[in-house]
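Report on one structure; see the data block that follows.
So, in structure tokens, the structure goes:
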């Protein structure tokens, strides 16, 4: 079955966050692009080593291999466009039919090893071009055949979204990888983190004392349930939630009410409906661009004079990994 051509205009991602992959255009400047684009190649390498790399999830959707071929070609096309914008005044880009390219190049029959090498090379080439952009050249313009006009900055943001969104399409965006990693090791994580450290226990008890016995707490990221037990022992009532289905399953199997909940998108409750929120070492998994939204949503459900507890790792910058805890 042939893939239906994608004729949608995706330039709206330059104006508002993408609800599917979570990409926020305004969070990224040209100076960020070289490192961000290069960093995606390691994840695409993982995709291309997957056992089902040639399998389409359904007849009308590309396989991970086909998506990787497309991303490789996206890097090449955008390298051509950036080169034109830096060398010419307001160039018109040659039309590129991505669906025709997929058929002509026979993406489905490609060698994953060769695609991996070519994708890394293409990403490195275009990243090197973005690295040469200065404040003076970032505003240079170019236009597509459909009339859409870009600056070097907005073209780069559009380019990065394409790459990030396709990682989402193949289930390898940071959010999906995080959920999948915890899903695969939920019981082991619960057992390894069953005992709360003395400093954290003191923090939990102080939190409970300030709220008072019987106070209602929304817990984000309940995981194996350790923190909720400590909070309840201190006299609080806890609504257990987690974004990972396996953790929710473990909590329910232990006799607790629990629900799958994404604090970025799901209904958290009525404004002022809880006395406090407990989010222990879980919001570090939230994309930096989304963190203000998540914190605002959590604050909204807390009553006036209530408490919001958030714990994070100390460090600079951001990175994601499936190694360690």
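Numbering (our numbering), first residue to last: -3 to 321. Note that the Cβ used here is the ideal one computed from N, Cα and C, for glycine as well.
- Taken in chain order, the whole beta strand (DSSP E) runs of length 3 or more contained in the region 224 to 258 are 233 to 238, 254 to 256.
- Taking a contact as a CB-CB distance under 8 Å, the pair residue 34 and residue 120 counts as one, their CB atoms being some 6 Å apart.
- Per DSSP, residue 39 is one residue of the alpha helix (DSSP H) stretching across 29 to 44.
- Partner residues in a beta bridge of residue 282, as assigned by DSSP, do not exist.
- Here residue 158 carries a helix assignment [DSSP, helix/strand/coil].
- For residue 275, the enclosing beta strand (DSSP E) begins and ends at 270 to 276.
- Note that the region 295 to 308 touches the region 265 to 279; at least 3 beta-carbon pairs, one per stretch, sit closer than 8 Å.
- Here the region 260 to 269 lies against the region 293 to 302, with 3 or more beta-carbon pairs under 8 Å apart.
- Remark: fewer than three beta-carbon pairs, one from each stretch, lie closer than 8 Å, so the region 23 to 40 and the region 179 to 187 are not flagged as touching.
- Look at the beta carbons and you see the region 136 to 143 not touching the region 45 to 53: under three pairs across the two are nearer than 8 Å.
- Taking a cut-off of 8 Å for Cβ pairs, the region 147 to 164 and the region 189 to 199 do not touch, as fewer than three such pairs fall below it.
- Selection 2, 150, 58 evaluated against residue 27 yields 150 as nearest (Cα-Cα).
- 8 Å or more divides the Cβ of residue 15 from the Cβ of residue 166.
- If only complete runs of 3 or more residues are kept, the region 76 to 147 shows the beta strand (DSSP E) at 137 to 139, 145 to 147, in order along the chain.
- Distance from the CA atom of residue 301 to the CA atom of residue 208, rounded to whole angstroms, is 12 Å.
- The three-state secondary structure of residue 303, taken from DSSP, is strand.
- Beta-bridge annotation (DSSP): residue 213 is paired with 234, 272.
- Counting only the Cα atoms, residue 64 lies some 7 Å from residue 111.
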